[in-house]
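Numbering (full-length UniProt numbering), first residue to last: 1 to 194.
Glycine included, every Cβ here is placed at the ideal spot set by N, Cα and C.
What follows is a single structure, written as structure tokens, with notes after it.
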Amino acid sequence: EMLVACPKALFMDEISTGLDSATTFQIIKCLRQIVRVLDGTMLISLLQPAPETYELFDDIILLSEGEIVYQGPREYVLEFFEFMGFKCPDRKGVADFLQEVTSRKDQEQYWVDKSKPYHYISVKEFADAFHSFHVGKRLTEELSHPYDRTKNHPAALTSTKYGVSRMNMLKACFSREVLLMKRNSFVYIFKTGQ
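Structure follows, in structure tokens:
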């Protein structure tokens, strides 16, 4: 239903709850194709995604204790944690590593520099260090310049309150109802005969 209006941004919270990893993978793969076709943006929160599902994402936002620990391309997330002194083992999925590396009880096992004594790095320290990492610097630079609307294509900005006209929404709802009535025709026949 959310996709009827062809929105440019969708926000989805824990859509994998109760689903197995294969189903989650298929859903995320489909959503990724929709984003590509519609040239839109989706922000999806997932708990413990499988490695193949994690690989479908372009960008990662890692939140912990209310702080943004990392925000940027998926390709650089492991580089950031290596910059901080932690390495994801080959046997470990990246998503699982990201959930554990900021945790006080799990962090030590990923410490890579054995010549230096390990000390707990807090979420606040990770968040502060992200701003000195090249991805964080680039993000800060991009956000320091105000958005210039004149450089956009006129069709990119909505000029109406709703993205889809009332007539198109009415057609979509009517088509959906007709389809539902066709699928449940036996119910209507039964009610008429009753």
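If you look at L38, you'll find it in the alpha helix (DSSP H) that goes S21 to L38. With distances taken between CA atoms, L47 lies nearest to E100 out of K182, F83, E100 and P89. In this structure, G72 places its C-beta atom within 8 Å of the C-beta atom of L139. In the DSSP assignment, F11 is bridged to L43. Comparing alpha carbon positions, the residue from Y118, Y54, E125 and D128 closest to F97 is Y54. By a beta-carbon distance limit of 8 Å, S103 does not contact P49. Their separation comes to about 17 Å.
In this structure, K124 lies away from Y110, with their beta-carbon atoms at least 8 Å apart. Counting the other Cβ atoms within 10 Å of the Cβ of G18 gives fewer than 16, which makes it exposed. Contact between G93 and P146 does not hold, since the beta-carbon distance rounds to 39 Å and is not under 8 Å. Restricted to the region 53-87, the beta strand (DSSP E) segments that are unbroken, complete and at least 3 residues in length are 59-64 and 67-73, listed in chain order. Cβ neighbours of H131 within its own chain (closer than 6 Å, five residues either side excluded): none.
In this structure, the beta-carbon distance from M12 to I61 does not fall below 8 Å. F80 and K137 have their alpha carbons spaced roughly 12 Å apart. Proximity to L31 across S64, V135, L10 and L170 peaks at L10, based on C-alpha coordinates.
Taking the C-beta atoms as reference points, I68 is found nearer than 8 Å to A127.
As for any beta strand (DSSP E) of minimum length 3 sitting wholly inside the region 140-179, there is none.
Spanning the alpha carbons of M169 and V178 requires a straight line of approximately 14 Å.
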